[in-house]
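Visitor: Once you know that position 997 of the sequence shown is 996 in numbering that gives the first Met the number 0, the rest is easy, because the numbers rise by one and skip nothing. Cβ coordinates follow ideal geometry from the N, Cα and C atoms, glycine included. Have a look at this one before I ask anything.
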Amino acid sequence: MQTEQITYQQLVETANDIIFTTDLKGHFTYVNPATIRITGFSESELIGMCFLELIRPDYRDEAMTFFTRQVEEKIQATYFECPIILENKELYWIAQNTQLVFDKEGQPVAFQVVARDITDWKQAEQQLEIQNTALQSAANGITITDEKGKILWVNKAFTQLTQYSPEKVIGKNMNILKSGVHEPAYYQDLWETISSGNVWQGEIVNRRKDGSLYVEEMTITPVKATGKEITHFIAVKQDISERKEKEDQIEKNQKTREALNALLQLALAEDPLQDLLQQALDLLLALPWLKIQEKGSIFLVEGNEDILTLAVEHDLGKPLLTKCARVPFGHCLCGQAAASGSTVFANCVDHNHVIQYKGMPPHGHINVPVMVDDKVVGVLNLYVEEGHKQDAQEIAFLEAAAKTLAALIKRKRVEIALRESEARFRRLADATLEGIIIHENGKIVEINNALAQMMGYDPAQLLGMDILDLVAPAHLETVKSRINSTDEKSYEIEALRQDGSTFPVELVVRVLSQEGKITRFVSVRDITERKQLEAKVHKALKRREREVQLSIQMAQEIAAAADIQELYSRVVSQVQEQFGYYHTQLLRYDAALDSIMLIEGYGEVGRQMKELNHSVPLGVGLIGMAAALSASVLRPDVSQDPTWQGNPLLPDTKGELAVPIKLRDTILGVLDVQSDKAGALDENDQLILEGLCGQIAVAIETTTLREEMEGRLRELDALQRQLSRKGWQAYQAEKVEVEGYKYDHSGVSPILSAPETAVNGSANTNQLTDLPAIEGEIKPLIVRGEKIGALSVEDDLERPLTEDELEFLEAISREVADALEAARLFEQTQDALAVQEKLATELETVAQVSTAASTILDVEALLQAVVDLAKSSFNLYHAHIYLMHESNTRLILKAGAGNIGRLMTLEGREINIYAESLVARAARTREGVIANNVRKTVDYLPHPLLPHTQSELAVPMIVGEKLVGILDLQSDRADFFSEDDLRTQKTLASQIAVAIENAQQYAEQVQTSEKLREVDLLKSEFLASMSHELRTPLNSIIGFADVLLEGLDGELNERMEEDVRLIRNSGDHLRNLIGDILDMSKIESGRMELRYEEIDLRYMADDIMALAAPLAQEKNLRLHLEIDKNVQTITADRTRLRQVLWNIMGNAIKFTEEGSVTLTMQNETDHLLIAIRDTGIGIKEEHIPIVFEQFRQVDGSLNRAAGGTGLGMPITKKLVNLHGGEIWVESVYGQGSTFFFTIPYNPAPVKIQAAEATARV
């Protein structure tokens, strides 16, 4: 016994639970260590303390009552939970088992208590209570079931939703709510989803306790135990019946509108009436929301009889097709509708009493009359299920459909009445690609398909429209002024498509008057491609103009070459440097070797190739082919030419062009250029280089002739001996009979024959064996050791010559020899100089004409200058130029020299290409024609204003394969023209032809450029004037969105409010974008005006900072404002200055992710300096130049991330400039940017001029 007591005592002392004893009044008489440890009181403090003092005050009365009852009723053991307050004031929940201790007499004497800590359990219990309260209060219904679907718990919302109380459903399966609407597979899929541990979400139709159906949105979540086995399912339900009804109604309304729109489209369609009625009937029968059978028909009233004729049907069956083919008014239900003119509805037709429906099951009918101008023209007959309830909305829709059918029938019958007369016109109109409009006072009465396609409309939509609806706003006044005009001259405008886009058209108006009625036909031609071609040609002409200028510059450089080698060097360097080719080289044709030899190449590669004596055989490669064919050879992409052979010194060659250098028909060489880009060389390069090669050929010949002349002059002295000998031989050859001259008392006379031997040979020791035999003293005439003749004096035998006389004779012979030689040389030199002078004059004239042709870009001025210069320079009687007409059958006189030539031009002289004429012959043969005696030439065509023409030279002017015209030259002398003249004039004609082509293209491009500038100006004016038209509907959208958001038209649910807010924000964003575009267009068109006023800068700066604060706060950015104390006010446009500040400040915040944005204002001498500095991403140095360009942002990724039109900074720059200030940016990539701009303190009010704005654009 003692051992048991010791063991029990040890258990009590070592127990973790609170164990104590009290007397019946609750005073502690014993406490174990656990009680002391847990309560925090010492044993001495506890012994004698009443246990009730530890219990939380609000539980003390309940505890006193509980324990008093236990004593009074002598209950041996009780269980009680209560909170106690520990020594440290903490709350501690205990669950105590209290044993009542009795004495021997059976009277209670004490309490023995064992208590356990339940604080955690109590807290969890409270949390569960809170959660239970929350679940009970939830707006959505919530159920908890076991793994079999048996309901274990439901909340109040479930009861309200299903009308089932918790008592009625707990323990029941969820199938109690099953409606049977869904197929079994639907429920099977739901159960398999949650049984596999997955969450199921969806909409389901369930049945309430009262049997009514409702739609709920439900989420079922499986609950798994620790072993991952499903133990429960939690279902959350939301009643969406009302929403579904609204959605169904919205969908029904939408489908109603769609159906009516579809019917309206059918009413506007061009198909036959029968097909359209069938399509309309099929469309109505296919509408799922109409509670009708897929069976019905449409009757029409034909002629004036009150009889309905079956027009179209669907699934009526053969009996009804026969019986209902013709129905009199008043018979049957459809006849009753026709007779009454109102809808007839019957939800059941007794087939026993209505003979037509025998053999058919019972059913109902809806018969709706189709009326045109209050007259029944047909009936819409539809079948419904028996017992079908009349639906007002359904009837209203069908009556609306009947009205649409009425419009269709009316229009089709009008069309049928006009079809025969219209068919012929339609076939003709539709065959043309041009649009055709017939209008009466601006109202369109007829169009062709081409116009409808051109404008983006269905043809029927255009009928009845105002023709002005098809005109771009900028051209409305032009069309208004001419819409009823009788002027049939064509003009150009911008047309307006249905989608709002514009395009250029040419209008040609024809006016017809028939029986006093005026009808206007308008032909509409889309000239978009023509305009694009003009733009392309304009661009090409600009390039061509530059190339012509370069060609002229190069020609001048080439002409200045001192010798032939310098000429070659200048040609290569000028072509290479001016046109930027990969490589340029010049090769000379060597007839002896029949090959093309390199004489000059550009750069180090050219030098190496020259050292290697690079040459190309005639006919081999592009260069050899160009020389052999005497024609240019172009290969834009040499990789496409399998025969092309590259040069290892030029590895990057991708394209090559070889152009022959030829003078008349003689090949002098080849100019070869190469490109390192495929496709870079084209026909334009070929045309330029061919013209240049013509000038090079002339320059080569001129330089060669000049070098020859200089060589001849240098060699004159050396040639005198040979000239003397040749002169004497020529003299001897020509003077067969006259062998000398004799001077005596009768004068000078020729010696007709010479004796065989000389006289007094002994006296003449220097007698010449090659001179004629002359009697007397003979002295040879010697020049520099050469014998050119003899001086003979007849000897008098009676008085021989003395020594003095012989010496004198010797001196005289020397003088005579020198005189004769000088005379002969002078004559020969004069002849040579005359030939050279003539050739130089001709070449100089060619050069002058070529220069004039290259520098004058007006065709008429060019031609007149050429003929005047040719007539005066070549000493001609007359000169004209004929140009080939675009028909290639006529030659038109375009310029003539002098007043006579101008008079002939004004007469409009023409020559048919097949006429008997030297000019026509030159055009047909494309060869030069010489007639040196026109009176004997059969096809000479005389003119009364040119009566003295004796010789005529006609030379064709050709560019590539194109005959441009004929250069016609005339002389008043016979045998005036030679083959040399023909060759010279061919060169001239080629230069003139190229110049004419250049001048014509330039004139076309000048005209195109003017039109483009006009279009650009009109565009800017149009955009600037559209501010009200663009913003008014946007303001309405935004305004009504605000009305909806403010709840003025009723409260919105959360989704509707989100949608409306999205509309409002998008509209506001679009309005800002339109504002930017319109601001820029106003500036460009000169419509931007500044309204100056005095502005408090500090107030404006505070306003900008307040506006920026929310944006900066979203990104945790710091804002700083630094204003110089001297900055007070400034005169400027308040709105625009604020716009500038906000544009820059907004961008700084947009592109700064962390750090700060600082606005500073600083006073300068005559202006205000404002800077906005950020610590954002910064701008790369290469992107800084494009910051202020339109529609550009510094980086594509930023553009996508930050958005925007790319107009903010360009507008900012222009607004600053309009104030007379400047703006610039300084930035370090990765560290941030600072935008600076200045505003003058007292700027003069400025309005930008339209011309200046256009020029800047």
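1) Count the C-beta pairs between the stretch 1114-1124 and the stretch 1147-1165 that are closer than 8 Å, then say yes if the count reaches three, no if not.
2) Give the single residue among Gln-125, Val-866, Arg-509 whose Cα lies nearest to the Cα of Ile-517.
3) Between which two residues does the beta strand (DSSP E) containing Leu-780 stretch?
4) How is Cys-331 classed by DSSP in three states: helix, strand or coil?
5) What separation, rounded to the nearest whole angstrom, lies between the Cα atoms of Tyr-567 and Ile-598?
6) Using alpha carbons as the reference points, say which of Arg-256, Leu-319, Gly-455 lies closest to Gln-392.
7) Less than 8 Å separating the beta-carbons of Glu-655 and Val-669?
8) Under three-state DSSP, which class holds Cys-323?
9) Is it the case that the stretch 620-629 contacts the stretch 647-662, given that we only count it when at least three CB pairs across the two stretches are under 8 Å?
10) I'd like to know whether the C-beta atoms of Lys-442 and Asp-465 end up nearer to each other than 8 Å.
11) Within 10 angstroms of the Cβ of Asn-1115, are there 16 or more other Cβ atoms? Answer buried if so, exposed if not.
12) Give the straight-line distance between the Cα atoms of Val-1269 and Gln-159, rounded to the nearest whole angstrom.
13) Nearest by alpha-carbon distance to Thr-192: which of Glu-476, Phe-502, Ile-219 is it?
14) Would you tell me roughly how many angstroms separate the C-alpha atoms of Gly-377 and Gln-187, rounded to the nearest one?
15) Hey, would you say Gly-1177 sits closer than 8 Å to Gly-1229, going by beta carbons?
16) Kindly indicate which residue of Asp-1067, Thr-1130, Ile-1238 has the alpha-carbon position closest to the one of Asp-1095.
17) With burial defined as no fewer than 16 other Cβ atoms inside 10 Å of the residue's Cβ, what is the status of His-947: buried or exposed?
18) Going along the chain, which residues of its own chain have a beta-carbon closer than 6 Å to the beta-carbon of Glu-951, five neighbours each way excluded?
19) In terms of DSSP beta bridges, what is Met-1160 paired with?
20) Classify Asn-252 as helix, strand or coil using the three-state DSSP reduction.
21) Run the CB neighbour count on Lys-147, radius 10 Å, all protein chains shown included, and call it buried at 16 or more, exposed below.
22) Taking the alpha-carbon positions, what's the Asp-209 to Ile-150 distance?
23) So does the stretch 228-248 actually touch the stretch 263-275, counting three or more Cβ pairs closer than 8 Å?
24) In chain order, what are the residue ranges of uninterrupted beta strand (DSSP E) at least 3 long that sit wholly in the stretch 172-214?
25) Have a look at Ala-994 and Leu-267 and give me their C-alpha separation to the nearest angstrom.
26) How is Asn-763 classed by DSSP in three states: helix, strand or coil?
27) Can you give me the start and stop residues for the alpha helix (DSSP H) that Arg-923 sits inside?
28) Measuring only the C-alpha atoms, how far is Tyr-456 from Gln-497?
29) Starting from the C-beta of Gly-316, find all residues in its chain whose C-beta is less than 6 Å away, skip the five residues before and the five after it, and write them out in chain order.
30) Please classify Glu-12 as buried or exposed, where buried requires at least 16 neighbouring CB atoms within 10 angstroms.
31) Along the chain, where does the beta strand (DSSP E) that runs through Gln-389 open and close?
32) May I ask which residues mark the beginning and end of the beta strand (DSSP E) holding Lys-88?
33) Out of Gln-644, Gly-1049, Leu-1033, state which residue places its alpha-carbon closest to the alpha-carbon of Asn-1064.
34) Have a look at Ser-631, Gly-334, Leu-276 and flag the residue whose alpha-carbon is nearest the alpha-carbon of Leu-407.
35) Please confirm whether Ala-1108 and Gly-1066 have their CB atoms less than 8 Å apart.
Guide: For this structure:
1) They touch, by the three-pair rule.
2) Nearest option by C-alpha distance: Arg-509.
3) Per DSSP, the unbroken beta strand (DSSP E) holding Leu-780 starts and ends at 776-782.
4) Note: Cys-331 maps to helix in three-state DSSP.
5) Roughly 7 Å separates the two Cα atoms.
6) When each option's Cα is compared against that of Gln-392, the closest is Arg-256.
7) Taking 8 Å as the cut-off, the beta carbon of Glu-655 is found no closer than this to the beta carbon of Val-669.
8) In the structure shown, Cys-323 falls within a coil segment according to DSSP collapsed to helix, strand and coil.
9) Yes, they touch.
10) When the beta-carbon positions are compared, Lys-442 and Asp-465 come within less than 8 Å of each other.
11) Here Asn-1115 is exposed, its C-beta having fewer than 16 other C-beta atoms within 10 Å.
12) The question about residue 1269 has no answer here: the residues shown for the chain are numbered 0 through 1256.
13) The candidate whose alpha carbon is nearest that of Thr-192 is Ile-219.
14) Their backbone Cα atoms lie some 52 Å apart in a straight line.
15) The answer is yes: Cβ separation under 8 Å.
16) The shortest Cα separation from Asp-1095 among Asp-1067, Thr-1130, Ile-1238 belongs to Thr-1130.
17) Looking at its Cβ environment, which holds fewer than 16 other Cβ atoms inside 10 Å, His-947 is exposed.
18) For Glu-951, where only same-chain residues beyond five positions count, the Cβ hits under 6 Å are Leu-917, Ala-930, Val-933, Gln-969.
19) Answer is Ile-1122, Ile-1169, bridged to Met-1160.
20) Helix at Asn-252.
21) Under the 10 Å beta carbon count, Lys-147 is surrounded by fewer than 16 other beta carbons and is classified as exposed.
22) CA-CA distance, Asp-209 to Ile-150, rounds to 20 Å.
23) No, they do not touch.
24) Within the stretch 172-214, the complete beta strand (DSSP E) segments at least 3 residues long are 199-206, listed from N- to C-terminus.
25) Taking the straight line from one Cα to the other gives about 58 Å.
26) Any reading at Asn-763 must be qualified, since the residue scores a pLDDT of 40, below 50, and its modelled position is unreliable; the value itself is stated next. The answer is coil: DSSP assigns Asn-763 none of H, G, I, E or B.
27) Per DSSP, Arg-923 belongs to the alpha helix (DSSP H) from 917-924.
28) Straight-line Cα distance between these residues: approximately 6 Å.
29) The answer is none, since no qualifying residue turns up.
30) Exposed.
31) Annotation: Gln-389 is outside any beta strand (DSSP E) and is labelled neither H nor E by DSSP.
32) From DSSP, Lys-88 is part of no beta strand (DSSP E); its letter is neither H nor E.
33) Among Gln-644, Gly-1049, Leu-1033, the Cα nearest to that of Asn-1064 belongs to Leu-1033.
34) Looking at Ser-631, Gly-334, Leu-276, the one whose alpha-carbon comes closest to that of Leu-407 is Leu-276.
35) No, they are not a contact pair.
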